[in-house]
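Chains as they are written, first to last, in my numbering: chain A, 32 to 463; chain B, 32 to 463. Just so it is clear, CB atoms sit at the ideal spot from N, CA and C, and this is done for glycine as well. The model shown is predicted, which means the values in this text are computed figures rather than measured ones.
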């Protein structure tokens, strides 16, 4: 089966999958867990082969660690499947109801998006997590994991496919892509795929946004700011700036630029420099910053750079307004934080910074589905439509309008003797 | 100012516009109404010139009627502005709240999308309606109306721009495009425009979807079905089929294909044919249909054709499942109706038909923002993300995550002595 056929098949079965009830989906999730236990040896053997080949290719240690799928991680995946079973079925929730006229009732009902394509990093646990999230939300899914994990992913996808089909989920709801050429092919299937969720490298996400008509949920850049206001608690600002930059540098929600109000720059920057120096952070400052502390010069390109490294750019601003303007101009609409004791200025910042996540007096690193309490995270979105910021299962849902009549026709509501609509909101109760 | 500059300006002012409070937006809406009254003569003169030139170009009567902007229509536009003032400010609503830990509280807050590009038909009242909806929802907007209405639109856009700026709305929030070349240019401004809403001809919507990286909210086709089930009340089915096809043929929610269960085809089709004949509807049937009634033959292309005319294609299906399959294969995901007395079969139909609107025992023509009680309609969407079916002001909104801490950093929540998140849902109250 080629990718086009795989996508077509997924599209064809997606309405059946959407109609599977919550109980049956939970049974399928339990069947996946059971398969992971029963076929643990096969999974571990495939993962060993992936690891050997990655070591042979001199993959860096952190990547090897993520690639590894050992009994402990399998157990974690099983826990994840169990907690997913505890969640209510997100399909079929009545979101609103309105009587249009006597006996003519309109309901807005949650439903899956349909077919989702997910491209993810070399973590085999991600395959289990994403496919189970899609199953629970009633979405068919095409998966492409990191090439380094290909043997493990192949075994996992096969086990999930078999286990779920035995549990009555329509065959073809899950498909595994194996090569980059497969991904190219997938990007063309806009007749069959409703949404692409790319995780992983930013350049790659940008490429996908440029090369597909399918809507993309994700973020190309994470240029996050910490703004230290003139009313900031400076020792809090130090702590937050350090955490935002250094707690984990290689991620999209790490800070790349520090903005400092001119009134506190003299007091704050020398202390902050000492902290950064102690953590081996390379600092690149604007001219005014360099009048205060001895750091490297920042050039204009720095304001637009996502370092993903122990580097930070620093700029002194005249005012809150200038900080906001800088963020809206150079940021990527991901996560931006203000440190201030002034609630009014915090509100202005939040009202005017056009980013998915705006934070007060805390680290940009909190921008994460798990920390937000969303359960499993589908991805982080800098889109301006559908879903923004950390996206949980809700991002895989949409709705359908259901109108229940009893012979109602529009011609009765037009012309000189037109009937009037009542448009009376209905109390909600699930139809299923 | 060229289109790129216009879009850039709109993007720049959009965070300010997003932060304007509800009272001030209402004052600006009132100022628009006042300007329409005060400058009525100027508007009427421009509209007369548009009408003269349209008559000269032999525009059909229905189009002339839509183009006309007379004192009665101006009064209607003013009423629309008044009712918009009555609506609550949709910006800043707290949609959910969660305590992540003591003193660390997360809120999901509604906000405008940002900058919207709307392309609409030759109705000057549409310009007033769309721009006022955008203003109320805090979105900057670039507008392109039908060329026939260009003089009227120019006057209206100028009046709205002036009136709102005087009322304190940031200058540049509204821009008027005048030519098709302007539209081409707008489609390229994906750095500044967040959403395109094209109304009007289907070919045009398809063109836009193909030629822009900006997300598009709309529908290219409206291939709507009426399925007459074996448990249908046949006289109800007759009435609904007639209304769905004939109440207004030139619109996207009119039915194009009639599906009939084989068990009732013999009883239903001869009666339906008589009704269609009486209404001069051309009928194109599958072979089995033609065994029962004398109609033209349907070819495969008919199942994919949006006639927008007094033509209908008719197919006999073996089962409910076959009807669903036909709709999912050939339909456009717009609006599909089932006529049946069997609630279980209706539910199966609604669960499995992958369309924005699924209707039971009523006409497809109800698929409309006004009839749905959504207030003004932004458009009808066959997208699978963000907004589906008739879209009201809600479709112009998205949300932002706001996290309020007190020095919280992620490093405290990791490692061997990690603090735990509480993830306790908060009672909602608006922060503003």
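N- and C-terminal bounds of the alpha helix (DSSP H) containing residue i
| i | result |
| --- | --- |
| residue 217 of chain B | 211-218 |
| residue 102 of chain A | 102-117 |
| residue 303 of chain B | 293-309 |
| residue 398 of chain B | First-last for residue 398 of chain B: undefined, no H or E at that position. |
| residue 45 of chain B | 34-50 |
| residue 175 of chain A | First-last for residue 175 of chain A: 171-175, but that is the beta strand (DSSP E), not the alpha helix (DSSP H). |
| residue 159 of chain B | 155-168 |
| residue 447 of chain B | No alpha helix (DSSP H) contains residue 447 of chain B, which DSSP labels as neither H nor E. |
| residue 56 of chain A | 53-69 |
Of the listed residues the options, nearest to residue i (C-alpha basis)
| i | options | result |
| --- | --- | --- |
| residue 291 of chain A | A:304, A:284, A:447 | A:304 |
| residue 319 of chain B | B:374, B:309, B:331, B:348 | B:348 |
| residue 172 of chain A | A:182, A:180, A:181, A:188 | A:188 |
| residue 453 of chain B | B:57, B:131, B:79, B:258 | B:131 |
| residue 41 of chain B | B:222, B:403, B:330, B:409 | B:222 |
| residue 382 of chain B | A:411, A:47, A:184 | A:47 |
| residue 451 of chain A | B:401, B:411, B:271, B:328 | B:401 |
| residue 148 of chain B | B:192, B:200, B:213 | B:213 |
| residue 51 of chain A | A:123, A:34, A:117, A:35 | A:123 |
| residue 385 of chain B | A:192, A:66, A:146, A:97 | A:146 |
| residue 35 of chain B | B:425, B:215, B:250, B:437 | B:215 |
| residue 261 of chain A | A:160, A:354, A:407, A:56 | A:354 |
| residue 53 of chain A | A:159, A:165, A:370, A:32 | A:165 |
| residue 433 of chain B | A:313, A:420, A:433, A:432 | A:420 |
| residue 125 of chain A | A:170, A:139, A:361 | A:139 |
| residue 228 of chain A | A:409, A:428, A:424 | A:409 |
| residue 133 of chain B | B:75, B:449, B:436 | B:436 |
| residue 178 of chain B | B:95, B:411, B:265 | B:95 |
Within 7 angstroms, strictly: CB atoms of residue i and residue j
| i | j | result |
| --- | --- | --- |
| residue 137 of chain A | residue 129 of chain A | yes |
| residue 413 of chain A | residue 363 of chain A | yes |
| residue 344 of chain B | residue 288 of chain B | yes |
| residue 155 of chain B | residue 235 of chain B | no |
| residue 242 of chain B | residue 218 of chain B | yes |
| residue 256 of chain B | residue 367 of chain B | yes |
| residue 393 of chain A | residue 70 of chain B | no |
| residue 442 of chain A | residue 311 of chain B | no |
| residue 244 of chain B | residue 81 of chain B | no |
| residue 115 of chain B | residue 163 of chain B | yes |
| residue 152 of chain B | residue 231 of chain B | yes |
| residue 317 of chain A | residue 270 of chain A | no |
| residue 192 of chain A | residue 205 of chain A | yes |
| residue 220 of chain B | residue 38 of chain B | yes |
| residue 142 of chain B | residue 431 of chain B | yes |
| residue 280 of chain A | residue 268 of chain A | no |
| residue 66 of chain B | residue 190 of chain B | yes |
| residue 416 of chain B | residue 226 of chain A | yes |
| residue 284 of chain B | residue 237 of chain B | no |
| residue 418 of chain A | residue 160 of chain A | no |
Limits of the unbroken beta strand (DSSP E) element including residue i
| i | result |
| --- | --- |
| residue 138 of chain B | 135-143 |
| residue 439 of chain A | 428-439 |
| residue 416 of chain A | Counting along the chain, residue 416 of chain A falls outside any beta strand (DSSP E), and DSSP gives it neither H nor E. |
| residue 315 of chain A | 313-316 |
| residue 130 of chain A | 125-132 |
| residue 147 of chain A | 146-150 |
Cutoff 7 angstroms: residue i Cβ touching any chain E Cβ
| i | result |
| --- | --- |
| residue 187 of chain A | In the displayed structure, chain E is absent; the protein chains listed are A and B. |
Going residue by residue through the segment 322-393 of chain B, where are the continuous alpha helix (DSSP H) segments of at least 4 residues, counting only ones entirely within it?
351-361, 374-383
For the segment 189-276 of chain B, list the alpha helix (DSSP H) runs that are entirely contained and at least 4 residues long, ordered along the chain.
211-218, 233-241
Can you pull out the residues from the segment 387-418 of chain B whose beta carbon lies closer than 7 angstroms to at least one beta carbon of chain A?
387, 388, 389, 390, 391, 392, 393, 394, 396, 397, 402, 403, 404, 415, 416, 417
Near-chain B residues of the segment 437-455 of chain A - C-beta to any C-beta below 8 angstroms:
437, 438, 439, 440, 441, 442, 444, 445, 452, 454
Can you list, in chain order, the residues of the segment 269-292 of chain A whose Cβ is nearer than 7 angstroms to any Cβ on chain B?
270, 271, 274, 278
Using a Cβ cut-off of 7 angstroms, which residues of the segment 129-156 of chain B contact any Cβ in chain A, in chain order?
129, 131, 135, 137, 144, 145
Between the segment 341-375 of chain A and chain B, which residues of the former have a C-beta closer than 8 angstroms to a C-beta of the latter?
355, 359
Taking only beta carbons into account, state which residues of the segment 47-62 of chain A come closer than 9 angstroms to chain B, listed in chain order.
47, 49, 50
Below 9 angstroms between beta carbons is the criterion; list the residues of the segment 105-121 of chain A that meet it against any residue of chain B, in chain order.
none
The segment 239-259 of chain B: which residues have C-beta closer than 8 angstroms to a C-beta of chain A, in chain order?
240, 241, 244, 246, 248
Name, going along the chain, the residues of the segment 208-235 of chain B whose beta-carbon falls closer than 8 angstroms to a beta-carbon of chain A.
225, 226
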